[in-house]
Structure formats: structure tokens, C-alpha cells
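Student: Note that our numbering has the sequence shown beginning at 3, numbered continuously upward.
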Amino acid sequence: MDRPPDRPQTRRPADRRSVTVAGPPPEVVCVGESMVTFLPSRPGRLADVPAFTRAIGGAESNVACALAAAGHRARWVGRVGTDGFGDHLVDTIAAYGVDVSAVRRDPHRPTGVYFRTDADRATDAHEVVYYRAGSAASAMDPVSVPYDTVADGRILHLTGITAALSPGCRTLLHELTEPRPGRPLVSFDVNHRPTRGRAGAAPAGGGGRAPRAARARGGAPEADRLWGTADPAAVRALLPEPAVLVVKGGEGPAVAFERPRGTGAQAPDDVTTVPAPRVDVLASVGAGDGFAAGYLSATLRGLGARARLRHGHLAAAAALTAPGDLAAPPRRAHADRLAALDEHAWGRLHLGPGWTSAGTEADEEVRTG
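1) I want to know whether the region 346 to 359 touches the region 282 to 295 - three or more CB-CB distances under 8 Å.
2) List the residues that DSSP assigns as beta-bridge partners of L353.
3) Tell me the DSSP secondary structure of Y116 in three-state form.
4) Please specify which runs of the alpha helix (DSSP H), each continuous and at least 4 residues long, are wholly inside the region 240 to 318, giving them in chain order.
5) So G155 packs on P186, CB below 8 Å; how close in whole Å?
6) Hey, is H313 close to the ligand SAM, as in C-beta under 7 Å from one of its heavy atoms?
7) Report yes if the C-beta distance between A337 and H313 is below 8 Å; otherwise report no.
8) Going by alpha carbons, who is nearest to D344 out of G304, V287, V276?
9) What residues match up with H74 in a beta bridge as DSSP calls it?
10) Is it right to say T304 is buried, meaning 16 or more other beta carbons lie within 10 angstroms of its own, or is it exposed?
11) Under 8 Å by Cβ, that's how I've got T372 and D291 pegged, so tell me the actual separation to the nearest angstrom.
12) Which residue comes first and which comes last in the beta strand (DSSP E) that contains P42?
13) Who are the near neighbours of G184 in its chain, counting only those whose CB is closer than 8 Å to its CB and skipping five residues on each side?
14) Can you check whether the CB of R56 is closer than 8 Å to the CB of A138?
15) Which term fits H346, buried or exposed, when burial requires 16 or more other beta carbons within 10 angstroms of its beta carbon?
16) Could you check how far apart the C-beta atoms of A307 and T274 are, in whole angstroms? I think they sit under 8 Å.
17) Report all residues from its chain with a CB closer than 6 Å to the CB of V257; omit the five preceding and five following residues, and keep chain order.
18) Can you list, in chain order, the residues of its chain with a C-beta nearer than 6 Å to that of S168? Leave out the 5 residues immediately preceding and following it.
19) Going by beta-carbon coordinates alone, are C32 and A71 separated by less than 8 Å?
20) Between which two residues does the beta strand (DSSP E) carrying L158 extend?
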């Protein structure tokens, strides 16, 4: 999904503010910063890379694009500059089928950009340099992002990245997660990343909790950095508020803690554990956003806990087996077939680059054989 499907480009008025488009309400609203990403033309240190390819990146817009590509109505709410990078972001995200009518253009602040190497972010060889300090997105606050632009979806998806951008963004996150009548189901991804960047870098992770979220997700490595433990049960003890908490750790299993409806925070959880399939990793960036999109897609479809986790794994595998931050999700029928495999077949599942374009029973048998 590095190249979006062919769709008409959006038109914006002269004041560079997107206009509201009449239509059915979104199923998911994703709020946060998106940036132009520069991907290296070859391996090596940033100092040695001679050229870069332009793409887009941003946890919340990644989730919105993946959900739209999977057939859901998704809206991305953000703020970009009136520069060409802002044009590119809005047009590219809209081309995936995402509603960008609530995106605002800032004539005084630039669109954020970042450069990275192609090494896995978990290694010392990985470099990423953000130029996002003072970006248009950092100026988001409860005034510039009115509640009514995010409240008409079934799910409101947020991440801890937003809280790290500025005090105004932190206040916005607090306001959006404040309990109120009719508030959408809140999905919160901790998305903590230690800052590895240099010039212009901003912290790439939020605070140490999931504020008043109904559904929260975090990675085991993130939990270890934030709270000193990667044990899912210990993380749940630290985060009792969300009705559903998902802890996912790299190649390890995903564990969902789900409090039965109508019970309090002290009630015992229903716990579901689903191992990740084997994946031939092409690029690790974007896997967490893919997992979130797959999980939320299955949630919108009313699927059970095990199926939600399996669809999260499959969407993460799509990102892991494609370059860039975004990847085409598998066709729904194909993902449903894989998610319905018995435990033995699921344990033998092995996915490599190009698997999302497959979908025949023969292809499925090869990958589980």
C-alpha cells in the first residue's frame, strides 16, 4: 500500500482549510500528526545514503489508511502546513479513501518530516531524524480540534505520540478521553518510542498510562521501558481502567484482557492469548499500526476476542512484509480464512512478502504446510 489506489484528489479552497463533506459518518476517527517520510535508497548510515524516496508516516493516519483500504469509513483529523508537504500528505491520505474534511492547514507552521535508515528500529544501527519541533500538528489543542469533529464515529483512535508533541496536544488528548455522554469507544495505543533522532527531534512516545480509554494497546518492549515490566499480567495490574487491554510484544503472542460487561475494574478478566504467525520480515516499521487497524476492523465487525487478535496479527504481518509504513491489507475473505484456521494450522502459518495478494485455498495450504 505504498502507492495508494487511484482515487480523485481532493480540492481545497483558497484559505487552505479542508471543507466538510456531506456523507455517512465515519466508523473510526483517528487524531494525530502525520509527516512526510523519507526512506533511504540503500542500507547504511544516514550520512552515507545518497537519495531518499518520499512517503508518508504517522501512527494515526496509518491506521486510518489501513482501515479505509479494508473497506471501513475512516476519518483522519490532523494539522499540516500550507506547504507542498502538507498538500502531499492530505492528497495521499485522501487517496486511500480516508475522510480528510477535518484536517486544518496552518499558514505559520511547517508540516513535519523525518528521515530514517532501513535498519530495524530495535537495533543500534537504526537512525531516525525528526524535523517536527514547532510543526503545524504541535499546535493542535481543544480549540483547533473541536470535539464535534471527532465524536460522530463508533471508535476514536488516539496514541501517546500526540501527548508528546506539545502541552496543547497533551491537553487535547486529555479532553478527548474525558468521560462524557455519547463519547465514542476510545482506542488508545501507547506507542512509546525512545527518541533516537537528533536535530529537531521530538519525543516519540506519550505518558505512562492509557488515559480513560475503553480499549488500550501496548507492546511488551514499550511496557518494559515505561513501567519496568513486560509481563502482560503485570501491565494489566498497572492499567486496570480500560475495559479491554491488549499487550503485544514483537514476535511473541498478543494477550487480551477483557473485563466482562457490566462489571467493575476489580472483576476478573477474560484472558485470551494468540501467538503470532511466523513472518519473513521485510521492514519492521508500521507493524504496530497494522495490528491496531486489524484489531479495530475485527472489532467493528463484532468478532470475538481470538478473531480480533488474529486479524491484528495478520494486519501486522502485512506491514512487516512490505516496505514503508503502510501496506495493503489482505482481502477480507482471505484474512477471514486464515483467522479461522484451527490451532495447529495457525501455529504452522508462515507469511512472506506478497502473501496479501494471495488468497486461493492452494496458496493457503502452501503457507500452512
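Note that beta-carbon positions come from the ideal geometry of N, C-alpha and C, so glycine has one too.
Tutor: With the structure as the only source:
1) yes
2) V281
3) strand
4) 289 to 302
5) 5 Å
6) In the structure shown, the ligand SAM is absent, as is every other ligand, since no ligand is present at all.
7) yes
8) V276
9) H74 is not bridged to any residue.
10) Sequence check: residue 304 is Gly here, not Thr. With fewer than 16 Cβ atoms within 10 Å of its Cβ, G304 is classed as exposed.
11) Nothing can be reported for residue 372, as the shown portion of the chain is limited to 3 through 371.
12) 37 to 42
13) A153
14) no
15) exposed
16) 4 Å
17) P234, V249, T275
18) S140
19) no
20) 157 to 161
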